[in-house]
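Note that the sequence shown covers residues 1 to 1052 in full-length UniProt numbering.
Beta carbons: idealized from backbone N, C-alpha and C, even for Gly.
Worksheet: the structure to be examined is printed underneath.
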Amino acid sequence: MKFLQLNFSQKIWLGFGIIVLLLSLSSILSLYNLSDINNSTTQVNENAVPVLKQSNQAQINLLKQAKISSSGYTADTLIEIDTFSREFEGVAVEFQKQFEALTETVKLDESMSEYVTEAEKHYKTYNDSVKSMFAAKKELLRAKDLANKEVQNVSNMVDDAGALLLDVVWTEYGEDDESREIMEGIQGRLDGLIIGVYNLVDEINRSQDIEYLQNSKSAIQEAFSGIQVRNNHAETVLADLRGRETWQSYLTMLTEAKVKTTSDNSISDIKLRQVEQSILARELLATSDAAIAKVVSEFDQLLGEADALFNEKQNGVLETVDLGSKSAIIAWIILLLMASQNFNSMRKSIKKKMADLAKLNSTGEVLASLLNKDKALEEVLAAMHEQTGVARGSVYLMNEEEQLEVKAFYPPKAVKDDTKAARFALGEGILGKAAESKEILYVPNTSKDSNFVSDSNMPAKALLCVPLVDKDVLIGVMNFSGDVKEVNFEDSDYEFASSIARLLVTTIKNIRMRETIEEQNRTLEEKVKARTAELHQKNKDIAVMMANLHQGLFTIIEGGIVHPEYSKYLEEILSTSQIANRNFMDLLFADTNLGSDQTNQIATAVDSLLGMDEMMFDFNSHLLVNEVVMNRKDGKQVILEIDWVPIVNQNTDEIEKILVTVRDVTELRALQLEAEAQKRELEIIGQILAVSPDKFSDFISSSLKFVDECRELINKTTTKDLDVVALLFRNMHTVKGNARTYDFKYITDSVHEAEHTYDELRKDDDKTWDQSALLEELALAESDIRVYQKTAEDKLSGLFANASGTSSLVGENIQKLINEVTSLDTNTLSHSVKTWIQDAYQVFTGSQAESVKDVLSPVIESVNSLAAELGKEQPEVKINDAGALIKRDAHSLLNNVFMHVFRNAMDHGIETPESRTEKGKPPQGLINFDTHLADAQIVFEIKDDGKGLALEKIYQSAIDKGIFTADQARPPAQEIANLVFHSGFSTAEAVTEISGRGVGMDAVKNFLEENQGNIEIILGEGQEDEEYRPFITRISLSDDIIISGEPLKNIA
């Protein structure tokens, strides 16, 4: 039994092994016959056996080619045909090599050479026929695809023609009820005729009748003639119909459809070509089958010659054996019997393969013609019975529940309708395991296999399960069985079963596809009717929407032309009814605020986008403006908002049209401007209310004072003067700093522009003095300041009137009272009088002065805001004010001075939290502010725990500016530190370069000196050449700015 399960090649080698063994035994017994026996054996091996082996290999290869060509004939896609064609070419090349080797082997034998030559001639015919058949199949499928596309194109044209007919009804005659009703009737009849054209084209696409296809163009022309009769009737009934643009568009579309369906290479020509190629492919397949049959016949005769040669050599061996060596004779008899058995076995195997091939071809032809799946299953089962001798067979297919369900039997048997079909789950039984593994399973005896699912009384049998697989997707399983003693599946049976399974899979796919197409064809007419009704309603809805939409809507088609369909409201927006078929540039941009360069860009962009890939719209959409100001013909200027949207062909991903939406936003923009003005006014009011009235008044008065001083300087100066420029810069820098301190956002921008101009005059020698430009910039800054002043006067008049009254009260009279109280001799007064005087003194001083901490609170708040902008934590500010009360008229001075000092400490001294953490410092910076009185002065000392003064960078910057030279000795550190008060270090660029101190410090020094004050830098401990040094900023002012409580200390 094991021997029977060996494959063909293994059996040959086993036979040869036995022959060698017998030869060895015979040699031992009959040494004297060895020479003759070896000579005879060599002749057999060199002549008969090689012919046998090579012809066997060639025929096996031929079988492969036949299977591939048969599969190629049943393929239904170009990809499958190309795959089979490449496989066929590869196998054909291998066959040619084997054939050449066989030709070389038999070249000395004239008879065998003739058979090989004839086989080669027939094989060439077979090879050419198969290649031509593949080419015909490709042409057939291409024609089929092209025919389907043509049907789709005609369908689109029919839809467009129908839509245009609806537009004629509702757009052209929407206001004329009588004409509209007439046109509706005409439209309905024409719509039916147009759909009839589509149905005719669809019928042509489904036809396989050559005679019908040859006459189909005439049928199409007759259909269009019928439509033309109706069109002429319509133009007769409605006299003005011929002049309607939409009607003309409909006629144009109809003409295009007629040309499409009746010209050369129309659907009729394409379909005729498809049917012709189908017939040609069938004929070529028949030719190839006949040719391969002849090749097989020649090989059979060749095998006969090889058999005769073998017998001849066999007789020669017998003659050489000595009659006296009986043992050797017996060995040789056994040897020759084994060789004969192997030779006959090989010949039978080849004949069986040829028979299998013929059966595969005939079965493939039958399956290709079948339209019923059950008959196809029965045909395959019958073929397996006939070719392999199986007694019974069945086919299981996958059902919707992912189970294998029996669908056919052999022998065929009737199944009652109420009988439940047998089912197997994947992995259940031998059949289920074959399905799960997708591999052929053979069980010689089911009684010895635990996986077999059966009743206990069922007799044992041999079982073969062949899975049906399509591209790794399981379709079902073929199940074959027979008596254990009678059925044995050999290698060729496996190959035949695999081939027949592939043919069945292809047939099932084709039948299922055909059933799907037939079902679609059956429902096509209903779908067309439903789609037509849906399209009719949709077009009607669109027409109503376009007539009532309060937006301008139109589409741009090829050539930049406006499509005839657009929203009615567009005429009102553009104040014209001449819209359809105009160039969109003339319609939308003829009289706008756009320049010629911009309009050319729009026209070029739209022209290039039409017909391009959709992604090109994203690359060029920035060229399409979204807002223009148009001067309409009615004299009104309007603001138009425009949106551009590409309309893309879903099949080609190309832009067919561009949808344009136009909205009149003139009134909306006016409301927006008004709302923005109100919003700005409310923000300004909020900013003013965040500051006390007195501080706001001080800010306005000091800022206007700086502006007046700058204007006077500019008017007096006709050429560039760096001292004047430095003073202008200091003034504007101070105004900007104070505005930032109080968060007056609408002042800082214009003031910053003026400051920037002064800064450029300082830094750039080529920057010229332009008196008029400087005055204009200054006027803008002043205008912003006065907006705040006017807003306070108009909107907050009550609040600032009270503040003004209080100011009057705490003027010279209160100061006089304070002076008198401080000069009183309280020693002789009673305790109650002293207490009253002390209370009055505190009230007077509280209305005339504030503590240092209260005066600096806006500055500290602005430093906290700056910290947030710089990504730093808010610093801890420790203030020791020594109980000093700062007179109100000095508040502005202190704010101007300390605004620069505190902001410099935050901006350029205190490091980022990350940098401070790396240095072992807490993330939050620290600023110490100390106050004390000395020698009729009030002294303020400010120190931060930042990185210190950047002495090295200040020194290098001084060299760059020519203050020092590189070859002179380095000045003392204190001298370098004092350079921060030099005007050359007060620009923004210089500050960036030296990473700290200097911006505005010359302004601070100037303010203090103008008010009899002073500022100095006191360096902390460190080396003279250190890069950074800690320092203290010391500011001194006359104690006239404070109110002292010293005279009342003795009040008890």
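| Check | Outcome |
| --- | --- |
| For a quick check, are the C-beta atoms of K919 and I1032 less than 8 angstroms apart? | no |
| Report the three-state DSSP secondary structure of S132 (helix, strand or coil). | helix |
| Note down, in chain order, each residue of its chain lying with its Cβ closer than 6 angstroms to the Cβ of V724, except the 5 sequence neighbours on either side. | L713, T717 |
| Per DSSP, which residues does A849 bridge with? Please list them. | K887 |
| Between which two residues does the beta strand (DSSP E) harbouring E914 extend? | Unbroken run through E914 is the alpha helix (DSSP H), 913-918; no beta strand (DSSP E). |
| For K853, which residues in the same chain have their Cβ closer than 7 angstroms to its Cβ, ignoring the five residues on either side in sequence? | I879, D881 |
| Give the secondary structure of S807 by DSSP, where H, G and I count as helix, E and B as strand, and everything else as coil. | Confidence is the limiting factor: at S807 the pLDDT is only 49, short of 50, which leaves the residue's position unreliable, though a coordinate-based value still follows. Three-state DSSP puts S807 in a helix. |
| List the endpoints of the continuous beta strand (DSSP E) containing W644. | 637-648 |
| Would you kindly work out how many angstroms separate the C-alpha atoms of Y566 and T592, rounded to a whole number? | 21 angstroms |
| The alpha helix (DSSP H) that contains Y788, what's its start and end? | 771-795 |
| How close, in whole Å, do the beta carbons of K359 and Q387 come, if the pair is a contact with beta carbons under 8 angstroms? | 5 angstroms |
| With contact counted as at least three CB pairs below 8 angstroms, one residue from each stretch, are the stretch 127-136 and the stretch 271-284 in contact? | yes |
| What's the C-alpha gap between V939 and L796? | 38 angstroms |
| Report, in whole angstroms, the separation of the C-beta atoms of I573 and V691, which I expect to be a contact under 8 angstroms. | So it is not a contact: roughly 48 angstroms between Cβ atoms. |
| From A308 to F299, what does the alpha carbon distance come to, in whole angstroms? | 14 angstroms |
| To which residues does DSSP link N127 through a beta bridge? | DSSP output for N127 lists no bridge partner at all. |
| From I292 to T103, what does the alpha carbon distance come to, in whole angstroms? | 18 angstroms |
| Determine the direct distance from the alpha carbon of H385 to that of Y32, and round the result to whole angstroms. | With a pLDDT of only 47 at Y32, under 50, the local geometry of the prediction cannot be trusted, and no value is derived from it. |
| So, with DSSP's three-state summary, where would you put P412? | coil |
| So, is S596 buried or exposed, given that buried needs 16 or more other C-beta atoms within 10 angstroms? | exposed |
| With a cut-off of 8 angstroms, do at least 3 Cβ pairs link the stretch 365-377 to the stretch 348-357? | no |
| Can you find the residues in the same chain that come closer than 7 angstroms, C-beta to C-beta, to G427, ignoring five residues on each side of it along the sequence? | K433, E436 |
| Distance, Cα to Cα, A675 vs I1042? | 47 angstroms |
| How many Å lie between M630 and T555 at the Cα? | 20 angstroms |
| Against chain B, with Cβ distances strictly below 8 angstroms, would D160 count as a contact? | Chain labels in this structure do not include chain B; a single protein chain is all it has. |
| Taking the alpha helix (DSSP H) that P693 falls in, what are its first and last residues? | 693-716 |
| My parser needs the alpha helix (DSSP H) runs of 4 or more residues fully inside the stretch 241-286; what are they? | 245-262 |
| Measuring alpha carbon to alpha carbon, tell me which residue in A383, E515, L241, L146 is nearest D167. | L241 |
| Can you give the Cα-Cα distance for T523 and T516, rounded to whole angstroms? | 11 angstroms |
| For G1020, which residues of its own chain have a beta-carbon under 8 angstroms away from its beta-carbon, when the five flanking residues on both sides are left out? | G948, R1029, P1030, F1031, I1032 |
| Kindly indicate the opening and closing residues of the beta strand (DSSP E) around H563. | 561-566 |
| Would V237 and I194 qualify as a contact pair, given that the criterion is a beta-carbon distance under 8 angstroms? | no |
| Cutting at 8 angstroms between CB atoms, please list the residues of its own chain near A849, excluding the five before and the five after it. | L885, I886, K887, R888, I1042, I1043 |
| Determine whether the beta carbon atoms of A476 and Y396 lie at a separation below 8 angstroms. | It should be noted that the sequence gives Gly, not Ala, for residue 476. Contact flag set, yes. |
| Go ahead and label D634 buried or exposed: buried means 16 or more other beta carbons lie within 10 angstroms of its beta carbon, across all protein chains shown. | exposed |
| On the premise that R680 lies in contact with A726, defined as a C-beta separation below 8 angstroms, what is that separation, rounded to the nearest angstrom? | Not a contact, Cβ separation roughly 34 angstroms. |
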